[in-house]
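Just below is one structure, and these are the notes that go with it.
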Amino acid sequence: MKQGVFLGDARELNFFVDAGSVALSVWSPPYHVGKQYELDQSFLEWKSLLRRTLAAHAVALKPGGFVAVNIADILCFPDSSMPRLMAENVSRRKRADITRERVVQAMSENPGMNRRQIADLLGCSEQTVDRRLKGNNIRGGKYQTQTRVLLVGGLLEQYAMEAGLYLYDRRVWVKDAAWENSRWHTMSYRAVDEFEYIYIFWKPGQTRVDRNRITKDEWIEWGSRAVWRIPSVRSNDDHEAKFPVELPRRIIQLLSDPGDWVLDPFVGSGTSAVAAAQEERNFIGIDKEPHYVEMANRAWQEARRQIPLLRKTPVAAATACRQSA
Ligand SMILES: C[S@@+](CC[C@H](N)C(=O)[O-])C[C@H]1O[C@@H](n2cnc3c(N)ncnc32)[C@H](O)[C@@H]1O
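All letters in the sequence shown, in the order written, are residues -16 to 308 by the working numbering.
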């Protein structure tokens, strides 16, 4: 089987990978939150993608191997059957007494006033004036489908079990709080988006447990810890959903040995490829987008070029790892 990053479909990963060969598969699939690369995918299609990809792993993994899936719950899942939650926004009380007729009358009596001045005159917000005039609600409000939280872990657990893979462990990655992405945070009791999960599934078989894969300090700092605090990737300009290299690196160090085959069927920009190269694992990556395949291949080749340098100078190694993290 050939190392590298290939153009393909995660569901068809066995086209690239020999049966029973992969020690560890580490990936982050589309989250069904409207990213560019998942725009044409329905919720049902997304669930089917997860189910079929996990089923394919039952063949690709070697007995005793692992799949580590980094994913988040869907915090804003539209549900048309959900009753309205917000009866009244106390901090911005609705002005039912401001009718369209009152706004139109105030405007005709004060033709020189702008919208802000009309709002002040009526004692309401500019937004209320706008709504009355246009008959709409710029925030969506009552005309928009309500959203709820959708837990994703249970889906993965179900699909993995169907494929004969067992949930072995789960960890929480605490990332940077995404204030600006939280459309709702000023208008509800919901928390901002600031953590994701890593679900680790196991294929039955003999698993080597080697406590020497990481140091004693690493066991204390993160190996035995359920909560991993790792800053998010700062610049997402070349790929909109990268995970930090420290995340796949920890998983690779913990759950595989040098020379093992590591797989990422949703490789994106190639973060896991870089981590695998730095940890001297064999690697296969797959992505459905040609430009990501190219990007990931470049990142992987570059990381491999650095390996002899890393071996020779531990200080340079540490610097290179920090720079890519
Ligand atoms: C969350 S991103 C992964 C990002 C990656 N971990 C990184 O750090 O760059 C998901 C990736 O899966 C790819 N993808 C989506 N559907 C796919 C499919 N059916 N098969 C293969 N890749 C797919 C997308 O193009 C995207 O690059």
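Where a beta carbon is used, it is the ideal one built from N, C-alpha and C, also for glycine. On a predicted model such as this, the values are computed, not experimentally measured, just so you know.
Subject >> Near ligand 1: Thr254 beta-carbon under 7 Å from a heavy atom >> reply: Here the question's residue 254 lines up with position 271 in the sequence shown. Thr254: yes, Cβ under 7 Å from ligand 1.
**OP:** Compare the C-beta of Val192 against all C-beta atoms of chain B and say whether one is closer than 8 Å.
**Re:** Checking the listed chains, one finds no chain B in this structure; it contains a single protein chain.
Original post:
If Ala282 and Leu148 are in contact, beta carbons under 8 Å, what's the gap, nearest whole angstrom?
Top reply: Here residue 282 is taken as the residue at index 299 of the sequence shown, counted from 1. Here residue 148 is taken as the residue at index 165 of the sequence shown, counted from 1. Approximately 28 Å separates the beta-carbon atoms of Ala282 and Leu148; this is outside 8 Å, ruling out the contact.
Subject >> Lys225 Cβ short of 7 Å to ligand 1 heavy atom set >> reply: Counted from its first residue, the sequence shown places residue 225 at position 242. Yes, the beta carbon of Lys225 sits closer than 7 Å to at least one heavy atom of ligand 1.
Original post:
What residues match up with Val210 in a beta bridge as DSSP calls it?
Top reply: In the sequence shown, the residue the question calls residue 210 occupies position 227. In DSSP, Val210 forms a bridge with Val155.
**OP:** Identify whether Pro46 lies in helix, strand or coil by the three-state DSSP scheme.
**Re:** To locate residue 46, count along the sequence shown from 1; it is residue 63. Here Pro46 sits in strand by DSSP.
Original post:
With a CB to CB cut of under 8 Å and the five nearest residues on each side skipped, what residues in its chain are close to Leu32?
Top reply: One-based indexing of the sequence shown puts residue 32 at position 49. Excluding sequence neighbours, Leu32 sits near Ala(-7), Arg(-6), Pro12, Pro13 and Gln24.
**OP:** Using three-state DSSP, classify Phe266 as helix, strand or coil.
**Re:** One-based indexing of the sequence shown puts residue 266 at position 283. In the structure shown, Phe266 sits in a strand (DSSP, three-state: E or B).
Subject >> Three-state secondary structure (DSSP) of Tyr149 >> reply: Your numbering for residue 149 matches position 166 in the sequence shown. If DSSP states are grouped into helix, strand and coil, Tyr149 belongs with the strands.
**OP:** Could you tell me if the beta carbon of Glu277 falls within a distance shorter than 7 Å of some heavy atom in ligand 1?
**Re:** Working through the sequence shown from its first residue, we reach residue 277 at position 294. Using a cutoff of 7 Å, the CB of Glu277 does not count as near ligand 1, since none of the ligand's heavy atoms is closer than that.
**OP:** Inspect the beta-carbon positions of Val276 and Phe(-11) and report whether they are closer than 8 Å.
**Re:** By one-based count along the sequence shown, residue 276 stands at place 293. By one-based count along the sequence shown, residue -11 stands at place 6. Yes. Within cutoff.
Original post:
What are the boundary residues of the alpha helix (DSSP H) that includes Ala260?
Top reply: Residue 260 sits at position 277 when you count from the first residue of the sequence shown. Per DSSP, Ala260 belongs to the alpha helix (DSSP H) from Thr254 to Gln261.
Subject >> Start-to-end residues for the alpha helix (DSSP H) that takes in Leu237 >> reply: Taking the first residue of the sequence shown as 1, we reach residue 237 at position 254. Residues Glu229 to Leu238.
Original post:
In three-state DSSP terms, what is Glu140?
Top reply: As a first step, residue 140 must be located in the sequence shown, where it is residue number 157. Helix at Glu140.
Original post:
Secondary structure at Asp62, three-state DSSP: helix, strand or coil?
Top reply: For this step, residue 62 is matched to residue 79 along the sequence shown. The answer is coil: DSSP assigns Asp62 none of H, G, I, E or B.
Subject >> Cα-Cα separation between Ala174 and Thr130, rounded to whole angstroms >> reply: To locate residue 174, count along the sequence shown from 1; it is residue 191. To locate residue 130, count along the sequence shown from 1; it is residue 147. Rounded to whole angstroms, Ala174 to Thr130 spans 14 Å at the Cα level.
Subject >> Proximity test, Val250 beta-carbon vs ligand 1 heavy atom, cut-off 7 Å >> reply: Along the sequence shown, read from residue 1 onward, the residue named residue 250 stands at position 267. Yes; taking the cut-off as 7 Å, the Cβ of Val250 has a heavy atom of ligand 1 nearer than that.
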